[in-house]
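All residue numbers for the sequence shown refer to the working numbering, where the first residue is 32 and numbers rise by one. For glycine and all other residues, C-beta sits at the position ideal for the given N, C-alpha and C. Please read all numbers here as calculations on a predicted model, not as lab measurements.
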Amino acid sequence: MTNQKLLLLDSASLYFRAFYGVPDQRSSPTEPPTNALRGFLDMIATLVTAQKPTHLVACWDNDWRPQFRVELIPSYKAHRVAEPAVAATVPAVGDAPDQAHPASDDTAAEEVPDDLAPQVPLIADALKALGLARLGADGFEADDVIGTLVERHRGTMPIDVVTGDRDLLQLIDDANGVRVLYTGKGGVREPDQGTEAYLQERYAVSSGEAYLDMSILRGDTSDGLPGVKGIGDKTAAQLIAAYGSLDGLRKAVDDGDPAIKGARRANLEAAADYLDVAPRVVRVARDAPVADVDISVPTAVADTRLLSELASTYGVTNPINRVLAALQIP
């Protein structure tokens, strides 16, 4: 590996965190909300200063609930679908950032707070003006963009994935220098350092792949994934350790392993249909059609006029200056 480093941002995870964590400082309800924009910019400044990446991508949800996942498990994220009248407008990569549009008739829109929705295009504008890469893929989530970029660059430089989503712990790969900086507890200032040692200590699994298998068994109510009845983190980890993998566990069930009995056997057998399809839903894609573009950290502002307009119109001069200072752009 080289002295380069790639930082991959789970953008939605970060701007939702910014929205809920940064106070709304408007003096009048007629002023546009900017707390998510300000917070997101400050997160970038903090991360660039601390991690010193040479390459950075803000990974984007072009489709927050891909059809291929819904077809396999219809409950996938179903509880987050917005009513048509309040569907959020969020720009996909490929749209002009200021031309956000609602989901098409056959694509469910995600429920997004009213004061957050108009800030997402502003975040996209800010990334464009700064010259920071923003990448998505039609029909795929940001998680899949991250997985694809990890696959594309692993082994060539260390990779840090920044997210508040535990799903991405499956990407941890010490041998190829892939860490997950998990912001769920300490935020971007003090993220958990997601390595294989962290997985072993926190979840009693030995690798990202083992974490994936464990998470399938456990399920995830926040994503509408039922898991196997009666199996939580601890039991799931014990089963994966005992049988090596989810496939190994299922083979043991099918072969009548006497150690798997009673309610546990009944629950695993009852969940067979779920377990048939869940790996294709929970595993992040490694082959999404993500554009191959320059993802180097910029050395100059890409669009001075746009950046100036954002700063003056939305009062974010200080957060922008902090990002520029972190990037060492005069």
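- Taking a cut-off of 8 Å for Cβ pairs, the region 85-92 and the region 38-46 touch, as three or more such pairs fall below it.
- In the three-state scheme derived from DSSP, where H, G and I count as helix and E and B as strand, Thr187 is classed as coil.
- Between Thr226 and Ile203, the beta carbon gap of about 6 Å places them in contact (Cβ cut-off 8 Å).
- Residue environment for His110: exposed (fewer than 16 other C-beta atoms within 10 angstroms of its C-beta).
- When the beta-carbon positions are compared, Gly178 and Asp94 stay at least 8 Å from each other.
- Counting only residues of its own chain and dropping the five nearest sequence neighbours on each side, Ala43 has a CB closer than 7 Å to the CB of Asp92 and Ala173.
- Per DSSP, the unbroken beta strand (DSSP E) holding Asp223 starts and ends at Asp223 to Gly225.
- Straight-line spacing of the CA atoms in Pro222 and Val308 works out to 32 Å.
- In the DSSP assignment, Leu212 falls within the beta strand (DSSP E) that extends over Val209 to Tyr213.
- The residues Leu256, Pro257 and Gly258, in chain order, have a CB closer than 6 Å to that of Gly250 in the same chain once the five nearest residues on each side in sequence are set aside.
- Between Thr80 and Arg220, the CB-CB gap reaches or exceeds 8 Å.
- According to the DSSP assignment, Asp244 belongs to the alpha helix (DSSP H) that extends over Gly239 to Arg249.
- In this structure, DSSP gives Val259 a state outside helix and strand, which the three-state scheme calls coil.
- Counting C-beta pairs closer than 8 Å gives three or more between the region 160-167 and the region 317-324, which meets the contact rule.
- Under the three-state reduction of DSSP output, Arg220 falls in the coil class, being neither helix nor strand.
- In the structure shown, Glu141 falls within a strand segment according to DSSP collapsed to helix, strand and coil.
- The DSSP-derived three-state label of Ser106 is coil.
- Take the alpha-carbon of Val313 and the one of Ile247: they are about 7 Å apart.
- 8 Å or more divides the Cβ of Ile75 from the Cβ of Val315.
- Taking a contact as a CB-CB distance under 8 Å, the pair Val328 and Thr65 does not count as one, their CB atoms being some 25 Å apart.
- Membership of Val354 in the alpha helix (DSSP H) is indicated by the continuous run Thr348 to Leu358.
- Residues Asp244 of the same chain have their beta carbon placed closer than 7 Å to that of Ser276, with the five preceding and five following residues left out of the count.
- If you compare the alpha carbons of Lys108, Leu337, Glu141 and Leu199 with that of Asp156, the shortest gap goes to Leu337.
- A residue is called buried once 16 or more other Cβ atoms fall within 10 Å of its Cβ, and Lys108 is buried on that count.
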